[in-house]
Amino acid sequence: MARQLTDEVWLVERPRVNVSLVDDDVLTLIDAGLPWDGPAIREAVREIGFDPDRIKRVLVTHFDLDHVGGLRAFPEAEAIHVGRADADYVRGDLTPRLSDRKRLFQRLTEFFRKPPQVPVSPVEDGETIGSFTAVHTPGHTPGHTAYFSEKLDVVFVGDLVFSDGQALSLPPWYLSQDTDQLRASVDALASRLPPIEVLVSGHGEPLVTGGSQTLQNMAQETCGSGGNG
Ligand SMILES: [Zn+2]
15 MARQLTDEVW LVERPRVNVS LVDDDVLTLI DAGLPWDGPA IREAVREIGF
65 DPDRIKRVLV THFDLDHVGG LRAFPEAEAI HVGRADADYV RGDLTPRLSD
115 RKRLFQRLTE FFRKPPQVPV SPVEDGETIG SFTAVHTPGH TPGHTAYFSE
165 KLDVVFVGDL VFSDGQALSL PPWYLSQDTD QLRASVDALA SRLPPIEVLV
215 SGHGEPLVTG GSQTLQNMAQ ETCGSGGNG
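15 is the number of the first residue of the sequence shown in the numbering used here; add one for each residue after it.
Written out as structure tokens, the structure is:
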């Protein structure tokens, strides 16, 4: 149910979405799965050998039900960090409007979502949280944010790109609010990443080696100028 990726990083395998546990300066969760994933994530954290009540921080890549649904299962966290443009949605202060397909999906799933009890902290581009640096990567959602740690040799890219364990691909257009912006964000992240081996996307099999290089190659192939980082 959980798989160790590095000394400090575990993948909590859920059927439809990736959740990760990181032993950073504090125990940190990356995304929180679907609403019904909460108890299973807690159980997986116990199996790894940590008390789930020790999770003090959640880094959220973006507001989509499959990434924020389980947040209420972690009431002991001190803060939920999420890109500024998505923060009001996570708080429940804003409800997505029905202006496009993507938001329709979000609205339909609103039924399952309740705001978390823990304070939501809006994340700025370049902000550091523990050993992680946040990179604003809009496109899939306006506030979509990737988090990388050079120290821990891992980058969490959310739904910016999907990974199958060997290659990366752009998510299908109907899942993204702005595909041009998405491509620009791939390019931007690729150029800013230091050399990092492990790349975990919101869905699919993580890359365990060559993560930043694979993203940079993909940026060059599909997104124009590409990264040179
Ligand atoms: Zn997703």
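Backbone N, C-alpha and C define an ideal beta-carbon position, used for all residues, glycine too.
Computed from a predicted model, the values in this text were never measured in an experiment.
Cut-off 7 Å between Cβ atoms - residues of its own chain near residue i, not counting five sequence neighbours on either side
| i | result |
| --- | --- |
| T223 | E211 |
| P29 | none |
| R56 | P66, A87 |
| A58 | M15, A16, V26 |
| V40 | K70, R71, G144 |
Closer than 6 Å: residue i CB and nearest ligand 1 heavy atom
| i | result |
| --- | --- |
| D80 | yes |
| G63 | no |
| G52 | no |
| D100 | no |
| D167 | no |
| D201 | no |
| G140 | no |
| D178 | no |
| D45 | no |
| D107 | no |
| G157 | no |
| G216 | yes |
| D173 | yes |
Spatial distance of residue i from residue j (CA atoms)
| i | j | result |
| --- | --- | --- |
| F146 | D37 | 12 Å |
| P66 | F88 | 8 Å |
| P49 | G84 | 4 Å |
| Q230 | G144 | 25 Å |
| G52 | G63 | 17 Å |
| P208 | T236 | 20 Å |
| Y161 | A148 | 5 Å |
| R60 | S226 | 30 Å |
| V169 | H81 | 16 Å |
| I69 | P185 | 30 Å |
| S135 | A54 | 25 Å |
| V33 | V137 | 19 Å |
| K165 | V23 | 12 Å |
| L79 | G47 | 8 Å |
| R71 | L43 | 6 Å |
| P130 | E90 | 11 Å |
| G218 | L189 | 15 Å |
| K128 | D178 | 31 Å |
Cβ of residue i within 7 Å of any chain C Cβ
| i | result |
| --- | --- |
| G224 | The displayed structure is made up of one protein chain only, and chain C is not part of it. |
Proximal residues to residue i (C-beta, below 8 Å), its chain only, five neighbours per side dropped
| i | result |
| --- | --- |
| H158 | T75, H76, G97, D100, H150, T151, P152, G172, D173, L174, S199 |
| T228 | A181, L182, L213, L221 |
| W187 | T193 |
| D167 | T20, I210, E211, V212 |
| V132 | V72, L85, F88, P89, A91, E92, A93, I94 |
Residue i beta carbon near ligand 2 (any heavy atom closer than 6 Å)
| i | result |
| --- | --- |
| D192 | This structure lacks ligand 2; the ligands present are ligand 1. |
6 Å CB neighbourhood of residue i in its chain, flanking five on each side removed
| i | result |
| --- | --- |
| L108 | D102 |
TODO: Just list the alpha helix (DSSP H) runs in the region 28 to 77, keeping only unbroken ones of 4 residues or longer that don't cross its boundaries, in chain order.
DONE: 52 to 62
TODO: Take every Cβ of the region 94 to 111, pair it with every Cβ of the region 192 to 200, and state whether three or more of those distances are shorter than 8 Å.
DONE: no
Task: Within the region 125 to 198, ranges of the beta strand (DSSP E) (whole runs, at least 3 residues) - done: 134 to 137, 146 to 150, 159 to 163, 168 to 172
Open item on the list: My parser needs the beta strand (DSSP E) runs of 3 or more residues fully inside the region 203 to 241; what are they?
Closed with: 212 to 215
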